[in-house]
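Read through the structure below, which is laid out as structure tokens, and then see the notes.
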Amino acid sequence: APPSKHSQTKSTSHSGLVQDGTTAEGSAKESKYKNSDLPPGAITGNKWCSVLVPTYAKWNSMLNICWGTKNSQEIEVLQLLWDVVYKHTIPAMIQGDDPIYTTATQRITEWQGGFMSASISMIHSLINSDERFSSPQGQCGLANFRLEGNQMWKSPFILQTFAAHIHFIQGAMDIPINTGLKDRHGYPKAALSLAGAAACIQITSFL
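Under our numbering, residue 252 is the last one in the sequence shown; the count climbs by one each step, no gaps.
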């Protein structure tokens, strides 16, 4: 099953997938803000967790690259989404170090981490369900088979990992047309990249 949606934690590490299969930590220190620090009324009716955060993740999923240094475009997009979701009933001027942006960025870090969590769950479920993969030799054989052009990128490895993204963005709105994307129903290329990278990292760990 996909990891639980939008878990609220007080601490976070801003992580992303890197080529050697580890996570790159941008900040190991305790998060500066949490949901209760958002403007009054923001979490009423669950609009923050159920609409704004999934929509922001959906926008990130359509970018060419959805990790790395944040920039002013993301702040502008988050401001636009805030105004659309709350319909100007909760005025806010979002800045790069305020509770809204910081907390939204933490949720995006959790969205990114969900791909790795899903891939770990998926691969261990597979090896535990088939005795052929119970030994290191069997697991190495599985990895070699999948990495040698045997349609891994169209396999359940990718689909089940990508399902974490679909679960996370449930409740998302259509992306407003003025967020810089050419098509608000765009292709989730960044999400597919993360799914592929996470699955590949887990499979190569058996070599």
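Glycine is no exception: its CB is placed at the ideal position from the N, C-alpha and C atoms.
query                                                                                                                                               : result
Output the boundary residues of the alpha helix (DSSP H) element that contains His210.                                                              : 201 to 213
If Ile203 sits next to Lys103, beta carbons under 8 Å apart, how far is it from one beta carbon to the other, in whole angstroms?                   : About 19 Å separates the two Cβ atoms, so there is no contact after all.
Ordered along the chain, which non-local residues of its own chain (more than five positions away) have a Cβ less than 6 Å from that of Ile248?     : Ala188, Arg191
Between Val129 and the rest of its own chain, which residues show a CB-CB distance below 8 Å, the 5 nearest in sequence each way excluded?          : Met218, Pro221
With distances taken Cα to Cα, identify the nearest neighbour of Gly90 among Cys245, Tyr131, Lys234.                                                : Tyr131
Give me the Cα-Cα distance between Ala208 and Gln124, rounded to the nearest whole angstrom.                                                        : 28 Å
Just to confirm, is the Cβ distance from Ile135 to Pro84 under 8 Å?                                                                                 : yes
Taking a contact to mean a Cβ-Cβ separation below 8 Å, would you say His210 touches Pro181 in this structure?                                       : no
Look at the alpha carbon of Gln64 and the alpha carbon of Leu239, and state the distance between them as a whole number of angstroms.               : Note that Gln64 scores 38 on pLDDT, short of 50, meaning its location in the model is unreliable; the coordinates nonetheless yield the value given after this. In a straight line, the C-alpha of Gln64 is about 12 Å away from that of Leu239.
Reducing DSSP to helix, strand and coil, say where Gly141 ends up.                                                                                  : coil
Skipping 5 residues on each side, what residues in its chain have a beta carbon closer than 7 Å to that of Met167?                                  : Phe202, Gln205, Thr206
Taking Ala243 and Met107 to be in contact with their CB atoms under 8 Å, please state how far apart those CB atoms are, rounded to whole angstroms. : No, Ala243 and Met107 are not in contact; Cβ-Cβ is about 18 Å, not under 8 Å.
Shortest alpha-carbon distance to His212 belongs to which of Ala163, Gln151, Ile145, Thr224?                                                        : Ala163
Quick check: what's the CA-CA separation for Gly216 versus His169?                                                                                  : 29 Å
For the alpha helix (DSSP H) that contains Gln124, what are its first and last residues?                                                            : 117 to 131
Span of the alpha helix (DSSP H) holding Cys185?                                                                                                    : 181 to 192
Taking the alpha helix (DSSP H) that Ile196 falls in, what are its first and last residues?                                                         : The sequence shown places Gln at residue 196, rather than the Ile named in the question. Careful: Gln196 lies outside any alpha helix (DSSP H) and carries neither H nor E.
Is it the case that the Cβ atoms of Thr100 and Leu126 are separated by a distance below 8 Å?                                                        : yes
When you compare only the Cα positions, how much space is there between Gly159 and Ser250?                                                          : 18 Å
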